[in-house]
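Scroll down for the structure; my scribbles are underneath it.
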Amino acid sequence: MIACLLIPGFELRAALRRQPGLALRPAALSPGQGEEPLLGPVTGAAERLGVRPGMRLGEALATSPELVLVEQDPAAAEQAWEEILRALEDSGFAVDPDRPGCVYFETRGVERLYGGLEPALTRALAAVGTSWDARVGAAERRFAALAAATVARAGQVLIVADERLPEFLAPLPLELVPMDPARRAELRELGVKRVGQLAGLPGGAVAERLGPDGRRAWGLARGGKAARVRGRRPPAEIIEALEFPEAIGNELTLRRAFGALLEALLARPERAGRFVRKLALSARLVGGGSWRRTVTLRDATTEPDRLKAALAPKLAELPGADGARRPAARAAAGRGRRARRASARGPAPGAREHRHGIGQSGRRGCAVVADSRVAGTVRSAGRLNAPRAAVVEANFDGTPWQVNRQPVALVREEWRVVDRWWTQEPVARRYFDVVLQSGENAVVFRDEEKGCWFTQRGA
1 MIACLLIPGF ELRAALRRQP GLALRPAALS PGQGEEPLLG PVTGAAERLG
51 VRPGMRLGEA LATSPELVLV EQDPAAAEQA WEEILRALED SGFAVDPDRP
101 GCVYFETRGV ERLYGGLEPA LTRALAAVGT SWDARVGAAE RRFAALAAAT
151 VARAGQVLIV ADERLPEFLA PLPLELVPMD PARRAELREL GVKRVGQLAG
201 LPGGAVAERL GPDGRRAWGL ARGGKAARVR GRRPPAEIIE ALEFPEAIGN
251 ELTLRRAFGA LLEALLARPE RAGRFVRKLA LSARLVGGGS WRRTVTLRDA
301 TTEPDRLKAA LAPKLAELPG ADGARRPAAR AAAGRGRRAR RASARGPAPG
351 AREHRHGIGQ SGRRGCAVVA DSRVAGTVRS AGRLNAPRAA VVEANFDGTP
401 WQVNRQPVAL VREEWRVVDR WWTQEPVARR YFDVVLQSGE NAVVFRDEEK
451 GCWFTQRGA
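Read in the working numbering, the sequence shown has 291 at position 291, and its numbers run on one by one without any break.
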């Protein structure tokens, strides 16, 4: 049979993992920036007060003034969903994820392993854990399995035999059938509000009135096709990360950080022979929640310019008012033409990608991160000392990547001093406030008149 494991309101549950106390209060997932002001999933307490998913924001706040809006956290949701999928795979289930919170799998191969259909489905629930309130439905057809999971209670296994399918689907609400909202509204105007009512209409008449979308919905209302479930190929991740010591909200800085991460990701030895097919960029926001954009390439490639051109423009969509605390890039890479996932998240110690990041103090936070971070703590630069000669290695754009044989982890700020009115000596200096790999802060400059490097703090 085909099984469907469902976690209603998954995005909200993932966001609430950082604020578990809100789970028992009236709360709802807030709309994203630039989106229509409609609520996402809501908690049970909010639902009891009359707040519903999809309700307009103003109406929801009028209905429940104490409603708490939870910032979207797509990065946390994706990470949590991947953990759930891997837990199911570790238990022997070949998963076919549909969307975060909904996954299908065949039970044929695991029924013997766990001693029957129901024990196997119970094992799937145990693999996910009780904190997610997951439920499982099983049937001979994919849509029927989804319908069974939708009807099931938290922690319940519901199995629907094929001969009982028509009577099981008949009383379910029409919203369960995926279709264009305009077509659904048209059916409601005709008095069709239940799945059974749609299934009872002549297929030809539905196709003539509602087009191909209506015909597909009509087929699903009658149980859908007995399509097979194909398990996914588990992804292999490549991780790179970068975290600034303070908040950054400048787009130019973020572009430099993204370019540095991409350069480091492509240079990783485990990526050898693989082509990038999918890229994602995410950021942890200072005000809470996260931001994420994903791009799938038409053709797999390892050309840095093509990869930058595909994803770098998305940085302009990063919320500027709150700033980004942790932008993280992900790439899906494959060997030859076969795609695999990879993520650009955390910098390894000494990784050269840090050399390109230029911060801007006084802004909200920005950091490109994931599992690993720059080692060491960052100390304040303090006041500048008298210049001392230094040995500095620089990139093609003049930014230092090594100071007195110490690798540079991050270039925090850059500025120029062209002249000084209080001295007779002409001055043309290019200053850099850097963080060394050891965590020490240093200030270095290049005397553009003499072509020499000096340090005025640290190193």
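The beta-carbon is built from N, C-alpha and C at its ideal position, and this holds for glycine as well.
The beta carbon of A23 sits closer than 7 Å to those of L16 and T43, all from its chain and outside the five residues before and after it, given in chain order. Secondary structure in the stretch 87–143: the beta strand (DSSP E) runs of 3 residues or longer, each lying completely within the stretch, are 95–99, 102–106 and 135–139 in chain order. For E66, the secondary structure class from DSSP, reduced to helix, strand or coil, is coil. Proximity to D213 across E440, P400, L187 and V276 peaks at L187, based on C-alpha coordinates. The shortest CA-to-CA distance from E78 to any of P53, F275 and T294 is the one to T294.
Between S131 and V70, the CB-CB gap reaches or exceeds 9 Å. Rounded to the nearest whole angstrom, the CA to CA distance from P269 to I238 is 10 Å. DSSP lists A389 and F445 as the bridge partner or partners of F454. Cβ neighbours of A207 within its own chain (closer than 7 Å, five residues either side excluded): G214 and R215. The Cβ atoms of P41 and L61 lie no closer than 9 Å to each other. Annotation: A149 to A3 spans about 8 Å, alpha carbon to alpha carbon. For F275 and R429, the gap between their C-alpha atoms comes out near 42 Å. Distance from the CA of L198 to the CA of K225, rounded to the nearest whole angstrom, comes to 16 Å. Annotated three-state conformation of R268 is coil, per DSSP. By the neighbour-count criterion, in which a residue is buried when 16 or more other Cβ atoms sit within 10 angstroms of its Cβ, W415 is exposed. Residue ranges of uninterrupted alpha helix (DSSP H) with 4 or more members, entirely inside the stretch 38–84 and ordered along the chain, are 44–48 and 57–63. Here A205 is exposed. Its C-beta has fewer than 16 other C-beta atoms within 10 Å. Contact check for L285 against G223 fails: the beta carbons are separated by 9 Å or more. Here DSSP, grouped into helix, strand and coil, assigns A300 to strand. Nearest Cα to W291 within the set N404, G32, L210 and D180: G32. Distances from the alpha-carbon of D96 to those of L49, R142, Y114 and A120 put R142 closest. Rounded to the nearest angstrom, the gap between the Cα atoms of D133 and A394 is 54 Å. By the C-beta density criterion, E163 is exposed, having fewer than 16 other C-beta atoms within 10 angstroms. For E240, the closest of A217, L281, R209 and D180 by C-alpha to C-alpha distance is L281. As the crow flies, the alpha-carbon of G289 is around 11 Å from that of Q19. Between the alpha carbons of A185 and A27 lies a distance of about 28 Å. If the five residues before and after A221 are omitted, its C-beta is found closer than 8 Å to the C-beta atoms of L169, V177, V195, G196, L198 and A199, all from its own chain and listed in chain order. Boundaries of the beta strand (DSSP E) around D433: R429 to L436. As DSSP reads the structure, P400 sits in a beta bridge with A394. For R215, the uninterrupted alpha helix (DSSP H) run begins and ends at G203 to A221, by DSSP. Exclusion of the five residues before and after L85 leaves V95, P97 and V103 as the residues of its chain whose Cβ lies within less than 7 Å of its Cβ. Straight through space, the alpha carbons of A267 and E118 are spaced by roughly 48 Å. Around the C-beta of V192, 16 or more other C-beta atoms lie within 10 Å, and the residue is accordingly described as buried. Residue A389 holds the alpha-carbon nearest to the alpha-carbon of R457 among L410, T399, P202 and A389. Separation of the CB atoms of V136 and L121 is rounded to 5 Å, and the pair is thereby assigned contact status at 8 Å.
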